[in-house]
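Engineer: Chains as they are written, first to last, in the numbering used here: chain A, 14 to 698; chain B, 353 to 690. Handing you a structure now.
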């Protein structure tokens with residue numbers, strides 16, 4: 014190999030001449046670590062099972078070996094003629110029998126057995142590739158039984174005798190985890206998990222159906238008819254689209270919960286607590302997505318296509334069914350799909366509506382973090398099941414879209430018709446009802462934030478006390494939320510622009526498709542699962558980030574990455590590559606041509622993508638709730654805690670929600686008026 | 353006469369498709385050289401390879417004796433004019449044109465003078481502070497040409513620069529481009545699918561089809577002496593009659609026979625007869641019927657049905673009624689083998 018050959022080889026391996034390739038490789042590494050590795054950890058955790066444990070007592074009276082049943086985990090025991098046979102993963106491991114006073118006999122059933130006394134009270138056993146450590150606890154009886162140290166005597170390669178204290182309790186632990194698929198089976202065979210899966214599917218499908226009926230019909234009416242206050246209505250729905258995910262649940266429960274304001278005022282014996290409540294609240298939370306994307310689809314279609322149908326004699330209804338609706342279908346479907354996955358992944362609504370009701374996100378959260386016996390393996394199995402379900406949703410959606418492309422270049426937009434008076438009034442009433450329902454939560458929280466709360470009950474006394482308490486005690490969460498949303502958004506935009514550029518313009522083989530695939534992964538991974546993955550992956554050296562500000566920031570960054578990359582891609586598609594080539598032909602380097610020609614043009618288009626990422630960051634709950642530890646407690650966590658804890662300060666939660674809404678809607682109002690629709694489209698993949 | 357740009361065995365694979373298939377060309381200094389062909393023939397791929405915007409799968413591009421393989425586009429120092437103008441909408445006309453000068457770190461006074469000169473060259477005045485979006489397509493393309501030329505590139509590449517403009521503007525701007533090119537003594541490589549444009553402005557034309565070179569020659573060569581059926585058909589209107597050569601005669605598949613003055617080896621061939629080389633006469637010749645009459649302004653165009661040679665397109669000034677009998681003769685013909 015000549016020197017020249019070696020230089021070319023080096024250039025191939027290390028593409029120093031192409032800064033974009035270096036960036037692409039670096040980005041690929043970074044997002045692999047942040048997105049793929051945590052998921053691998055979840056898979057590993059789901060395949061692990063703790064080694065197992067049991068406790069028994071060797072009782073002198075009656076000469077019995079007595080197993081403490083509730084301590085047995087992993088092992089199964091069968092008794093044959095006074096001999097206990099221990100079985101692990103279906104393999105008979107060893108047999109245990111009495112061999113005289115304070116003496117036990119161990120016999121290996123799957124190969125040689127060795128025993129070593131580690132010290133006076135500890136014994137180590139090894140057989141069939143498993144290690145077991147036993148601790149002896151000797152009760153000091155009334156008659157002062159002799160306390161003997163553990164002594165081991167090997168009799169044959171498979172047998173040894175152990176002498177120990179009389180009446181000793183022996184606690185055995187197998188410290189090595191085992192690899193198994195049983196967690197999945199166990200998860201699915203557990204009634205609570207099956208219920209959670211069914212509940213989740215029922216809620217997701219019914220809420221999406223309800224949101225679809227509301228969203229699509231309103232969108233069609235608004236697109237078709239010239240309604241009073243049309244633009245304002247669209248802006249309002251856009252604002253509803255970014256309301257905090259838990260706001261609806263919290264407000265509806267405040268109104269119609271078991272001690273809700275309306276429940277008590279009207280003496281209802283009906284409450285919103287239950288599956289029906291989760292469906293109702295979720296539907297109102299996700300309908301704006303369906304509305305905005307359907308509205309764009311209805312107004313974006315080329316008017317000439319509908320007119321062609323009419324000129325051929327199609328009746329108005331037939332025109333809608335045969336032309337308007339099929340043409341708008343991809344947009345409508347994208348809206349429905351987005352509603353579907355956000356309804357499925359929503360953690361806050363079911364948790365707030367009812368602590369007892371189990372849906373997949375809340376069940377996985379409880380399995381992972383429950384104070385009474387957390388089980389990361391089961392939680393991981395559940396998390397993977399959630400990813401599988403949302404991947405199935407995505408698969409169905411993609412499969413439908415691939416049946417045929419309906420992309421039309423819009424030549425002339427549909428101009429809305431003047432409706433008759435009656436129709437106009439009906440549509441206005443319908444729209445007013447929808448807006449009322451969509452904004453009930455906002456109004457409720459706003460009003461109650463100015464009322465007096467005493468141990469979870471609201472009193473009709475106007476006060477600013479909630480705000481005073483909040484500003485005095487809870488200002489840190491505001492700063493934490495703002496800094497998290499700002500920093501993660503900045504990182505999203507920086508990396509998002511770069512990744513989009515590499516994907517759209519460079520189209521590197523292997524690196525490009527890999528990058529695209531990994532970037533899109535968080536799109537189907539529910540927030541709770543992202544949180545669990547990050548904890549599992551970043552809880553061991555070299556990187557221990559659990560409970561820090563950084564881990565929250567990483568989570569927000571990961572969750573928003575698909576949206577910012579897609580938004581940047583959409584902007585890039587609008588910018589012709591020749592603009593950059595013109596700079597290159599005049600002598601600008603690739604980086605310079607990018608920063609001079611493309612970047613300035615991207616900036617204005619990215620405002621909506623950045624706003625969306627910021628809003629998501631400010632309102633993130635489902636991964637926050639898994640990841641946050643005091644003192645790094647964002648606003649959403651404060652609100653959430655104050656809503657679900659019995660007798661907690663609802664007033665603080667209300668005041669903080671109002672503050673959150675001010676932070677969200679202030680900037681949004683200005684931006685929405687300019688770029689309506691882009692925001693919703695940025696989310697469509 | 354030297355070679356400004358030599359292309360040797362240029363091949364470009366896009367997946368399985370060959371966008372360029374073993375193309376070799378010599379472009380002379382100061383020449384207005386046109387790559388002509390239908391869309392997808394590889395002409396733009398070749399132009400972009402010369403610019404360095406895409407690389408070749410194999411083959412070489414040599415500028416004035418220097419192999420530019422591996423030389424990045426920004427180091428090649430060529431001017432490029434794009435179909436969609438590619439003016440930066442966020443910069444004024446002045447800043448668009450000044451861009452290349454600023455990259456070359458020229459002082460402000462020089463920049464001002466050179467931008468003014470460049471604008472004068474493309475016959476624009478008082479547009480420095482306007483933005484491209486406010487201007488017509490023709491003006492934008494003039495600015496793009498000024499931007500490419502302000503840094504004195506020895507080579508100017510033009511990628512269908514006129515195809516977004518309306519018909520009249522196309523004619524005047526292509527004449528301006530040729531005039532500027534000749535005045536500055538530039539080597540220009542011009543890509544177009546418009547054969548009329550190519551014939552008018554070029555010193556030489558390379559006709560391409562499916563990634564391959566069909567013929568290279570002067571506009572006269574290409575039009576009057578096409579070597580292949582594709583070229584004859586693509587450039588201008590043509591009657592192409594299939595048949596065989598047999599002992600100095602051409603026998604059309606439809607039955608007619610013509611003496612071939614130039615002779616030619618026996619075997620299958622195609623006879624090219626341009627519409628203006630068909631002579632109509634009411635007094636004799638190959639019998640036919642005027643099937644259709646199209647009025648096209650300067651001439652009349654007829655479709656004449658003959659038994660011997662099939663349907664013929666005829667351009668002539670004389671007036672004939674549709675349906676009338678007519679005699680046909682050929683003033684010029686050319687035998688093509690492929």
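Don't be surprised by glycine CBs; every beta carbon is placed ideally from N, CA and C.
With a Cβ-Cβ cutoff of 8 Å, do residue 108/A and residue 164/A count as a contact?
Structural biologist: no
Engineer: By DSSP, does residue 283/A sit in helix, in strand, or in coil?
Structural biologist: coil
Engineer: For the alpha helix (DSSP H) that residue 526/A lies in, which residues bound it at each end?
Structural biologist: Here the alpha helix (DSSP H) through residue 526/A covers 524-533.
Engineer: According to DSSP, is residue 473/B part of a helix, a strand, or is it coil?
Structural biologist: helix
Engineer: Strictly below 7 Å CB to CB, what residues from chain B border residue 602/A?
Structural biologist: 426
Engineer: Give me the Cα-Cα distance between residue 592/B and residue 372/B, rounded to the nearest whole angstrom.
Structural biologist: 27 Å
Engineer: DSSP three-state call for residue 148/A: helix, strand or coil?
Structural biologist: strand
Engineer: Quick check on this structure: which residue in 172/A, 536/A and 567/A has the alpha carbon closest to the alpha carbon of residue 728/A?
Structural biologist: Because chain A is modelled from 14 through 698, residue 728/A falls outside the range shown and cannot be assessed.
Engineer: Evaluate residue 533/B with the Cβ neighbour count: other Cβ atoms within 10 Å of its Cβ, from every protein chain shown; 16 or more gives buried, anything less gives exposed.
Structural biologist: With 16 or more other Cβ atoms within 10 Å, it is buried.
Engineer: Between which two residues does the beta strand (DSSP E) containing residue 348/B stretch?
Structural biologist: Here chain B has residues from 353 to 690 only, and residue 348/B is not among them.
Engineer: Given that residue 436/B touches chain A, what residues does it touch there, using C-beta distances under 7 Å?
Structural biologist: 589 and 591
Engineer: Answer with yes or no whether the minimum CB distance from residue 614/B to chain A is below 8 Å.
Structural biologist: Under the Cβ criterion of 8 Å, residue 614/B is not counted among the residues facing chain A.
Engineer: Cβ of residue 112/A within 8 Å of Cβ of residue 151/A?
Structural biologist: no
Engineer: Counting only beta-carbon separations shorter than 8 Å, does residue 610/A have a partner in chain B?
Structural biologist: yes
Engineer: When the Cα atoms are used, what is the spatial distance from residue 637/B to residue 385/B?
Structural biologist: 42 Å
Engineer: Nearest-angstrom Cα distance between residue 631/B and residue 668/B?
Structural biologist: The alpha-carbon separation between residue 631/B and residue 668/B amounts to approximately 8 Å.
Engineer: Let's see if you can read the secondary structure: which residues bound the alpha helix (DSSP H) around residue 410/A?
Structural biologist: 389-415
Engineer: If we cut at 8 Å on Cβ distances, does residue 523/A have a partner in chain B?
Structural biologist: Output row for residue 523/A: interface = no.
Engineer: Are the CB atoms of residue 212/A and residue 397/A within a distance shorter than 8 Å?
Structural biologist: The Cβ atoms of residue 397/A and residue 212/A lie no closer than 8 Å to each other.
Engineer: Taking all protein chains shown into account, decide if residue 570/A is buried (16 or more other Cβ within 10 angstroms of its Cβ) or exposed.
Structural biologist: buried
Engineer: Do the segment 135-143 of chain A and the segment 116-124 of chain A touch if we need at least three Cβ pairs shorter than 8 Å?
Structural biologist: yes
Engineer: Using the rule of at least 16 other Cβ atoms within 10 Å of the residue's Cβ for burial, across every protein chain shown, is residue 283/A buried or exposed?
Structural biologist: exposed
Engineer: Indicate the three-state DSSP secondary structure (helix, strand or coil) for residue 423/A in the structure shown.
Structural biologist: Low local confidence applies: a pLDDT of 49 at residue 423/A is under 50, so the model's placement there is unreliable, and no value is given.
Engineer: Using a 10 Å radius around the Cβ and a threshold of 16 neighbouring Cβ atoms, would you call residue 682/A buried or exposed?
Structural biologist: Exposed.
Engineer: Okay, do the segment 591-608 of chain A and the segment 412-432 of chain B touch, 3+ Cβ pairs below 8 Å being the bar?
Structural biologist: yes
Engineer: What would DSSP say about residue 360/A, mapped onto helix, strand or coil?
Structural biologist: coil
Engineer: Which term fits residue 30/A, buried or exposed, when burial requires 16 or more other beta carbons within 10 angstroms of its beta carbon?
Structural biologist: exposed
Engineer: According to DSSP, is residue 701/A helix, strand or coil?
Structural biologist: In the structure as shown, chain A begins at 14 and stops at 698. Residue 701/A is therefore absent and cannot be evaluated.
Engineer: Note the first and the last residue of the continuous beta strand (DSSP E) segment covering residue 596/B.
Structural biologist: 591-598
Engineer: The alpha helix (DSSP H) spanning residue 90/A covers which residue range?
Structural biologist: Per DSSP, residue 90/A belongs to no alpha helix (DSSP H); it is in the beta strand (DSSP E), 88-93.
Engineer: Can you find the residues in the same chain that come closer than 6 Å, C-beta to C-beta, to residue 408/B, ignoring five residues on each side of it along the sequence?
Structural biologist: 362, 364 and 401
Engineer: Kindly indicate the opening and closing residues of the alpha helix (DSSP H) around residue 406/B.
Structural biologist: No alpha helix (DSSP H) holds residue 406/B; DSSP gives it neither H nor E.
Engineer: Counting only beta-carbon atoms, is residue 597/A nearer than 8 Å to chain B?
Structural biologist: yes
Engineer: Starting from the Cα of residue 421/B, find the closest Cα among 404/B, 451/B and 672/B and give me that residue.
Structural biologist: 404/B
Engineer: Anyone know if the C-beta pair for residue 576/A and residue 37/A falls short of 8 Å?
Structural biologist: no
Engineer: Could you name the residues of chain A that residue 403/B contacts, counting a contact when the two beta carbons are closer than 8 Å?
Structural biologist: Residues of chain A passing the Cβ test: 594 and 598.
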